[in-house]
């Protein structure tokens with residue numbers, strides 16, 4: 001690891017003041033991704049500001065839903081009684097990610113900020129526009145089995161790795177962010193971004209901004225929601241494809257469907273076409289299949305990941321059927 | 001690793017003081033901020049029971065118990081844990097009496113080369129304390145962060161199931 005200056009801070013204002021003085025400084029939460037990237041010399045901050053002591057650890061009910069402290073641990077969030085009861089898709093998604101040890105360390109804010117596991121991003125001998133802007137994308141013509149089928153550009157075909165964020169996307173969460181000037185609320189759909197011309201940026205957070213909480217509004221599909229994750233081994237692996245789905249039902253009629261996909265794009269991929277197809281339709285196997293077709297028709301596979309189209313359809317159908325049955 | 005640390009004398013002024021309780025004993029570490037908790041335990045406190053496998057959070061060999069939670073010491077900086085209470089594999093037995101999970105690992109042939117075993121033991125103790133895993137399938141899922149390349153996993157799960165059934169020893 002490259003040497004760095006270290007300080008631990010005790011309140012958000014102190015953290016923000018410090019990071020504003022140095023554009024090469026980084027906040028340290030649980031450390032599970034950042035320290036790994038530093039060992040690989042992918043991340044090279046010259047200053048680390050440890051925010052682990054900040055009191056942003058509360059998980060509490062609010063008038064509009066629930067607020068997840070940015071520094072509450074993933075384990076605690078997944079097992080919280082209110083999350084299990086009212087947001088089970090979030091609990092299930094968190095528990096589908098990483099291992100028990102990592103979930104004990106990883107924070108909610110840090111989970112959103114984890115970086116792609118694209119092997120070319122991690123290999124500093126290879127070109128990568130995300131790590132080294134302008135150097136090219138080695139994955140575009142390389143081994144891209146794990147990579148994107150939606151929203152990619154020739155500059156970057158990486159996928160976003162979080163499971164938790166896929167559920168938060170379907171739940172219409174927002175991210176509460178503090179800077180020296182203001183507090184702002186970023187809707188989840190605007191938080192993570194597609195690679196566009198700047199794949200070095202994963203999200204709309206600016207230097208000097210600190211995530212303080214994730215706000216999740218109430219929903220009416222807690223009993224009809226599901227998280228389906230397909231991966232190379234049964235546990236402790238990133239998604240090839242994942243789907244978070246919630247169905248607001250009136251009898252057997254779908255009023256609205258909320259669906260987000262993981263493992264397919266540079267950000268949580270909200271399945272808007274599938275959602276639009278299902279609106280006011282009967283919850284039938286045929287309609288689930290048509291909704292899945294509608295979404296996956298837009299996919300643009302790379303050389304090694306065409307399988308994700310069929311896998312995506314099956315995962316969508318499986319998630320919708322599971323949500324409809326209500327056996328999360 | 002130790003000699004490399006000593007050769008960085010010009011950086012000594014950047015050393016941090018980290019107070020830890022390790023296996024019940026007060027310890028003071030003087031380390032550079034980039035020293036992982038794993039290297040701190042092994043190279044500075046000579047507690048080499050905790051193993052370095054991948055050093056990237058993928059294998060679980062470095063699992064320890066920190067403030068009652070199982071964590072990976074390789075993805076933790078020592079300076080992040082100032083004031084914490086840590087248990088490593090060296091601290092789980094009571095004197096000469098093995099921890100029940102240690103005895104169960106012996107009884108169930110739950111290791112071959114032994115390299116992953118300290119991490120497996122600490123992880124198993126953490127799992128039992130968490131109380132979330134009831135069935136064998138749940139134990140398997142919640143032990144998935146500890147790899148065993150000898151393939152002793154069946155014995156490992158058997159050992160944990162036995163200790164769990166025995167009434168939740170710590």
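Protein chains in written order, with my numbering: chain L, 1 to 328; chain Y, 1 to 170. Quick reminder that beta carbons are idealized off the backbone N, C-alpha and C, glycines included. All figures in this text were calculated on a predicted structure; none of them were measured in a lab.
Beta-bridge pairing of residue 227 of chain L - partner residues as DSSP gives them: Under the DSSP definition of a beta bridge, residue 227 of chain L partners with L:244.
Segments assigned beta strand (DSSP E), at least 3 residues, entirely inside the segment 41 to 89 of chain Y: Taking only runs of at least 3 residues, the beta strand (DSSP E) segments lying wholly in the segment 41 to 89 of chain Y are 63 to 66, 69 to 72, 85 to 87.
Residue 57 of chain L versus residue 147 of chain Y - alpha carbon distance: For residue 57 of chain L and residue 147 of chain Y, the gap between their C-alpha atoms comes out near 31 Å.
Determine the chain Y residues that contact residue 125 of chain L at a beta-carbon separation under 9 Å, and present them in chain order. Ordered by position in chain Y, no residue passes the 9 Å Cβ test against residue 125 of chain L, which lies about 17 Å from the chain.
Hey, how far is the Cα of residue 267 of chain L from the Cα of residue 100 of chain L? In this model, residue 267 of chain L and residue 100 of chain L are separated by some 24 Å (Cα to Cα).
Is residue 97 of chain L close to chain Y? Criterion is C-beta to C-beta, closer than 8 Å. With 8 Å as the cut-off, residue 97 of chain L does not count as an interface residue toward chain Y.
Chain-ordered residues of the segment 64 to 94 of chain Y with a beta carbon less than 7 Å from chain L: Of all residues in the segment 64 to 94 of chain Y, 69, 70, 71, 72, 75, 76, 77, 79, 80 have a Cβ within less than 7 Å of some Cβ in chain L.
Cross-chain neighbours of residue 39 of chain L in chain Y, by beta carbon under 8 Å: Within 8 Å Cβ-Cβ: 55, 56.
Distance, residue 274 of chain L Cα to residue 313 of chain L Cα: Straight-line spacing of the CA atoms in residue 313 of chain L and residue 274 of chain L works out to 10 Å.
List the endpoints of the continuous beta strand (DSSP E) containing residue 50 of chain L. Per DSSP, residue 50 of chain L belongs to the beta strand (DSSP E) from 47 to 50.
Mind checking if residue 88 of chain L is an interface residue toward chain Y, Cβ cutoff 8 Å exclusive? For residue 88 of chain L, no CB of chain Y lies under 8 Å from its own CB, so it is not counted at the interface with that chain.
Are the C-beta of residue 60 of chain Y and some C-beta of chain L separated by less than 8 Å? Residue 60 of chain Y counts as touching chain L.
In whole angstroms, what separates the C-alpha of residue 220 of chain L from that of residue 44 of chain L? Residue 44 of chain L has its alpha-carbon roughly 44 Å from the corresponding atom of residue 220 of chain L.
Quick check: is the beta carbon of residue 141 of chain Y nearer than 8 Å to any beta carbon in chain L? Interface residue, yes.
Let's see if you can read the secondary structure: which residues bound the beta strand (DSSP E) around residue 184 of chain L? Here the beta strand (DSSP E) through residue 184 of chain L covers 183 to 187.
Do we get a CB-CB distance below 8 Å when we pair residue 32 of chain Y with the residues of chain L? Output row for residue 32 of chain Y: interface = yes.
How is residue 391 of chain L classed by DSSP in three states: helix, strand or coil? A query on residue 391 of chain L cannot be resolved here, the shown segment of chain L reaching from 1 to 328 and no further.
For chain B, is any of its Cβ atoms less than 8 Å away from the one on residue 114 of chain Y? No chain B appears in the structure shown, which is made up of the protein chains L and Y.
Straight-line gap, residue 118 of chain Y to residue 194 of chain L (C-alpha atoms, nearest Å): Rounded to whole angstroms, residue 118 of chain Y to residue 194 of chain L spans 42 Å at the Cα level.
Evaluate residue 234 of chain L with the Cβ neighbour count: other Cβ atoms within 10 Å of its Cβ, from every protein chain shown; 16 or more gives buried, anything less gives exposed. That one is exposed.
Using C-beta distances below 6 Å, list every residue in its chain close to residue 239 of chain L, excluding the 5 sequence neighbours before and after it, in chain order. Excluding sequence positions up to five before and after residue 239 of chain L, its CB lies within less than 6 Å of the CB of 229, 231, 262, 263, all in the same chain and listed in chain order.
Beta-carbon gap between residue 46 of chain Y and residue 88 of chain Y smaller than 8 Å: Contact flag unset, no.
Chain-ordered neighbours of residue 54 of chain L on chain Y, where CB pairs are closer than 7 Å: Within 7 Å Cβ-Cβ: nothing; residue 54 of chain L doesn't reach chain Y, min ~13 Å.
Helix, strand or coil: how does DSSP classify residue 203 of chain L here? Reduced to three states, the DSSP call for residue 203 of chain L is strand.
Identify the contact partners of residue 334 of chain L in chain Y, using a Cβ-Cβ distance below 7 Å as the criterion. Residue 334 of chain L is absent from the model: chain L starts at 1 and stops at 328.
Quick one: does residue 236 of chain L have its CB under 8 Å from some CB of chain Y? For residue 236 of chain L, the answer is yes, since a Cβ of chain Y falls inside 8 Å of its Cβ.
Label residue 116 of chain Y either buried or exposed according to how many other C-beta atoms from any shown protein chain fall within 10 Å of its C-beta, with 16 as the threshold for buried. Per the 10 Å Cβ criterion, buried.
Extent of the continuous alpha helix (DSSP H) to which residue 169 of chain L belongs: Residue range 164 to 170 is occupied by the alpha helix (DSSP H) that includes residue 169 of chain L.
Cβ neighbour criterion (16 or more within 10 Å) applied to residue 197 of chain L: If you draw a 10 Å sphere on the C-beta of residue 197 of chain L, you find fewer than 16 other C-beta atoms in it, and that means exposed.
I'd like to confirm something about residue 210 of chain L: is its beta-carbon nearer than 7 Å to some heavy atom of the ligand NAP, or not? Judged by which ligands are present, the structure shown has none, so any question about the ligand NAP falls away.
Can you give me the Cβ contacts of residue 2 of chain L inside the same chain, cut-off strictly under 6 Å, excluding the 5 residues immediately before and after it? Correct list, in chain order: 44.
Identity of the residue in L:5, L:11, L:60, L:161 nearest residue 146 of chain L by Cα: Out of L:5, L:11, L:60, L:161, the CA that lies nearest to the CA of residue 146 of chain L is found in L:161.
Within the same chain, show all residues whose beta-carbon is closer than 8 Å to that of residue 77 of chain Y, passing over the 5 residues directly before and after it, in chain order. The answer, listed in chain order, is 33, 34, 35, 36, 37.
So, with DSSP's three-state summary, where would you put residue 218 of chain L? Looking at residue 218 of chain L - three-state DSSP - the assignment turns out to be coil, as it is neither helix nor strand.
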